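S.K.:
Residue numbers (my numbering): 1354 to 1573.
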């Protein structure tokens, strides 16, 4: 999935590089439609031949910085989260003095496949986070239980280097009902994971998770 080329090129045309200065490719990544910042999302600068040039992750406010490439050429920026379809920009002509600070608004789409080795590299990890406890204790909203409403919520959120979820980073990708969403949000802080790692060092990472609400005896 790619960002719209006219938007990216328009902004780049306004960013004049400083002569002989090392450029910085900066930006702020937000969820399209809500402008909520995306925290701990992998950001990778990739050459035309798919070689990884630089990698970082967004901060809690969605901002990031990457060093401009040493060699002039054609590049793309990848945005990677666990359980998400990869989002990339159109081809950008960059060089060592290219310097910009622009917003990236991306639509989050849940991936049905597993993460490839290349995707993990672009995300800046080599070991995915794992739950360290059982299923979260979700409160079934009484109103929805009484009228037999079932459904699911798909949330995206950042898992920090201690394996905890920062509820402030949570975003709704899909929800059957606002009351289900509220129940999930109230349970996020209790989730525990072994954190993602790179070369043995813990890393924060943006992930997605599905939460099912099913009435006993009606679904397996």
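Built from N, CA and C at the ideal position, the CB exists for glycine as well.
Note that the structure is predicted; figures quoted are calculated from it, not measured.
#1: Going by DSSP, what residues sit across from residue 1551 in a beta bridge?
#2: Judging by CA-CA distance, which residue of 1539, 1413, 1448, 1560 is the nearest neighbour of residue 1478?
#3: By a C-beta neighbour count over all protein chains shown, 10 Å radius and 16 as the cutoff for buried, is residue 1513 buried or exposed?
#4: Should residue 1484 go down as buried or exposed, given a rule of 16 or more other Cβ atoms within 10 Å for buried?
#5: Enumerate in chain order the residues of its own chain whose CB-to-CB distance from residue 1413 is below 6 angstroms, with the five nearest sequence positions on each side excluded.
#6: Alpha carbon to alpha carbon, how far is residue 1503 from residue 1534?
#7: Under a Cβ-count criterion, where at least 16 other Cβ atoms within 10 Å of its own Cβ denotes burial, should residue 1549 be classed as buried or exposed?
#8: Express the C-alpha separation of residue 1475 and residue 1435 in angstroms, rounding to a whole number.
#9: For residue 1569, collect the residues of the same chain with a Cβ closer than 7 angstroms to its Cβ; drop the 5 residues on either side in sequence, then sort them by chain order.
#10: Grouping DSSP H, G and I as helix and E and B as strand, with all else coil, what is residue 1483?
#11: Taking the alpha helix (DSSP H) that residue 1534 falls in, what are its first and last residues?
#12: May I have the straight-line CA-CA distance separating residue 1555 from residue 1501, to the nearest angstrom?
#13: With 16 other CB atoms within 10 Å as the buried threshold, where does residue 1422 fall?
M.R.: Checking against the coordinates, here is how it stands:
#1: The beta-bridge partner set that DSSP reports for residue 1551 consists of 1554.
#2: For the set 1539, 1413, 1448, 1560, the Cα lying nearest the Cα of residue 1478 is the one of 1560.
#3: Buried is the call here.
#4: The C-beta of residue 1484 has fewer than 16 other C-beta atoms within 10 Å across all chains shown, which makes the residue exposed.
#5: Taken in chain order, the residues that qualify are 1392.
#6: Straight-line measurement puts the Cα of residue 1534 at about 12 angstroms from the Cα of residue 1503.
#7: Flag for residue 1549 reads buried.
#8: Those two C-alpha atoms are separated by around 11 angstroms.
#9: Same-chain partners within the cutoff: there are none.
#10: DSSP places residue 1483 in strand when its eight states are reduced to three.
#11: That run of the alpha helix (DSSP H) goes 1531–1540.
#12: Annotation: residue 1555 to residue 1501 spans about 42 angstroms, alpha carbon to alpha carbon.
#13: It counts as buried.
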